[in-house]
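In my numbering, the protein residues as written are 23 to 72. In this text, a Cβ means the ideal position worked out from N, Cα and C, and glycines have one as well. Reviewing the structure listed below.
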Amino acid sequence: MIAANIWHWWLGVILTGVGVLTAVGLVAGYLKSVTALKHPLGRRQGDAEL
């Protein structure tokens, strides 16, 4: 039964990694979305003065 213990341990490690990557991806996507709304792509104010 030692194989079952090792398998469950690795399964937990993999699922933890997937969960952490998912959380980081969600936070990064949210920040990208909020920043895009605050600073839209297009003419910047400094470009008009040149």
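- A direct Cα-Cα distance of roughly 15 Å separates Gly-39 from Trp-29.
- The DSSP-derived three-state label of His-61 is coil.
- Rounded to whole angstroms, the gap between the alpha carbons of Ala-58 and Val-42 is 24 Å.
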